[in-house]
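Engineer: In this note's numbering, the protein residues as written are 2 to 301. Glycine residues also receive a C-beta, built at the ideal position from the N, C-alpha and C atoms.
Next comes the structure, spelled out in C-alpha cells:
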C-alpha cells in the first residue's frame with residue numbers, strides 16, 4: 002500500500018474532503034509554507050531553498066488555501082490504517098502529484114518536533130528533491146505546507162508496481178533481477194547517506210515502488226516519515242518494521258557513527274527475502290537479538 006508510515010509512527014493521514022471542496026482541510030488558508038517548493042514560487046517567495054515562512058500576517062497576495070494551489074482529484078492512490086492519499090495536479094505548472102494530509106493532533110510529539118526543529122524533516126525532504134541533490138532512486142517531494150490543523154506533504158505520483166507485489170508475481174526471481182533491484186536500492190541509500198546526510202530508518206520491500214510500469218523503470222525509495230539527520234545523535238526511537246530492524250535499534254544501542262548501518266542491515270534482510278521468499282528471523286527472534294546486543298554492550 003502506497004501510504005506506508007510516511008507520516009511517522011502513530012500518525013494518521015486523512016483524505017482531503019473532495020465532496021465539499023468549500024470546507025475541510027483543503028479549503029483552510031495555509032499558515033506556513035516551506036520555501037523551495039512549488040507553492041513557494043506561486044506565492045512569490047522564489048524557488049531557492051530556505052526556512053519556512055509564516056503566512057499568518059503575510060500580505061493578501063502571499064496567502065492561499067491548498068485548493069487554490071492544487072486541484073485535488075477524487076482518485077485514491079493508496080489507503081490503509083493511516084488514511085487515504087489523493088492524486089492531485091499543481092494548478093500553475095500542471096505537474097501531477099499526490100497529497101498526504103497529516104492531522105496535527107494525531108501526528109505525535111516526535112513527528113511535530115522533527116518538523117519544527119531547525120533543518121527539520123520537511124526542509125531535508127525538499128533539499129533532497131532539489132535539482133542539486135535529486136536522485137533517480139528517491140521519491141521527489143514538491144511541497145511541504147501547513148494549515149491550521151494539518152500538514153500537507155506533496156510528492157510525485159508513482160505509477161509503477163510496488164516491489165513487494167512484483168516479487169510475489171515473479172518469484173522465484175533470477176540472479177539478474179536481484180542485481181538490478183539491489184543496485185538501485187544501494188544507489189539510493191548511498192545518496193541519502195552521503196550528499197543528503199540522512200538515514201531512512203524504514204527500509205523494506207513495501208517502501209520501494211517503480212516510477213512507471215515495467216521492471217526496467219527506476220526503482221524508487223519512498224516514505225521518509227522516520228528519516229533523521231546523520232549529523233544528530235540517535236533519538237532513541239524504535240521505529241520501522243520489526244523484521245527489518247537492526248539488533249542495535251531493538252536493543253537501544255545505536256551509535257551516532259553507525260546510524261547509516263541501520264539502513265544497510267535492512268537492505269540485507271531485503272536481499273534474504275528476495276532470495277528465499279522468507280524472513281531471516283521472526284519478530285520474537287529479532288527482539289531476542291536486540292536484548293543480547295544490549296547485554297553485550299552493557300558488559301563491555
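Note down the Cα distance separating residue 105 from residue 116, rounded to an integer number of angstroms.
Structural biologist: Approximately 11 angstroms between the Cα atoms of the pair.
Engineer: Among all the DSSP beta bridges, which residues are the ones paired with residue 156?
Structural biologist: Paired residues: 99, 142.
Engineer: For residue 209, list the residues DSSP reports as bridge partners.
Structural biologist: Paired residue(s): 222.
Engineer: Run the CB neighbour count on residue 175, radius 10 Å, all protein chains shown included, and call it buried at 16 or more, exposed below.
Structural biologist: Burial call: exposed.
Engineer: Taking just the CA atoms, how far does residue 72 sit from residue 223?
Structural biologist: Rounded to whole angstroms, residue 223 to residue 72 spans 23 angstroms at the Cα level.
Engineer: In the DSSP output, which residue or residues are listed as bridge partners for residue 122?
Structural biologist: Partner(s): none; residue 122 has no beta bridge.
Engineer: Cβ of residue 86 within 8 angstroms of Cβ of residue 94?
Structural biologist: No.
Engineer: Taking a contact to mean a Cβ-Cβ separation below 8 angstroms, would you say residue 153 touches residue 100 in this structure?
Structural biologist: Result yes, Cβ atoms of residue 153 and residue 100 sit closer than 8 angstroms.
Engineer: Buried or exposed for residue 209, please, with buried defined as at least 16 other CB atoms from any protein chain shown within 10 angstroms of its CB.
Structural biologist: Answer is buried; the Cβ neighbour count reaches 16.
Engineer: Output the distance between the C-alpha atoms of residue 281 and residue 44, rounded to the nearest integer angstrom.
Structural biologist: Cα-Cα distance, rounded: 50 angstroms.
Engineer: Buried or exposed for residue 75, going by 16 or more other Cβ atoms inside 10 Å?
Structural biologist: It counts as exposed.
Engineer: Is the region 131 to 139 touching the region 181 to 199, taking contact as three or more C-beta pairs under 8 angstroms?
Structural biologist: Taking 8 angstroms as the limit for Cβ pairs, the verdict is that the region 181 to 199 does touch the region 131 to 139.
Engineer: Please classify residue 166: does DSSP put it in a helix, a strand, or coil?
Structural biologist: Three-state DSSP puts residue 166 in a helix.
Engineer: Select from 169, 110, 190, 88 the residue whose C-alpha is nearest the C-alpha of residue 261.
Structural biologist: Nearest of 169, 110, 190, 88 to residue 261, Cα basis: 190.
Engineer: Is residue 172 buried or exposed, if buried means 16 or more other CB atoms sit within 10 Å of its CB?
Structural biologist: Per the 10 Å Cβ criterion, exposed.
Engineer: Can you tell me which of the three DSSP states residue 72 falls into?
Structural biologist: Reduced to three states, the DSSP call for residue 72 is strand.
Engineer: How many angstroms separate the CA atom of residue 102 from the CA atom of residue 151?
Structural biologist: Taking the straight line joining both Cα atoms gives about 6 angstroms.
Engineer: For residue 143, count the other beta carbons within 10 Å of its own beta carbon; 16 or more makes it buried, fewer makes it exposed. Which is it?
Structural biologist: That one is buried.
Engineer: State the Cα-Cα distance for the pair residue 213 and residue 169, rounded to the nearest angstrom.
Structural biologist: Approximately 18 angstroms, taken between the alpha carbons.
Engineer: Are residue 31 and residue 50 touching if we call contact CB-CB under 8 angstroms?
Structural biologist: Not in contact: residue 31 and residue 50 (Cβ atoms no closer than 8 angstroms).
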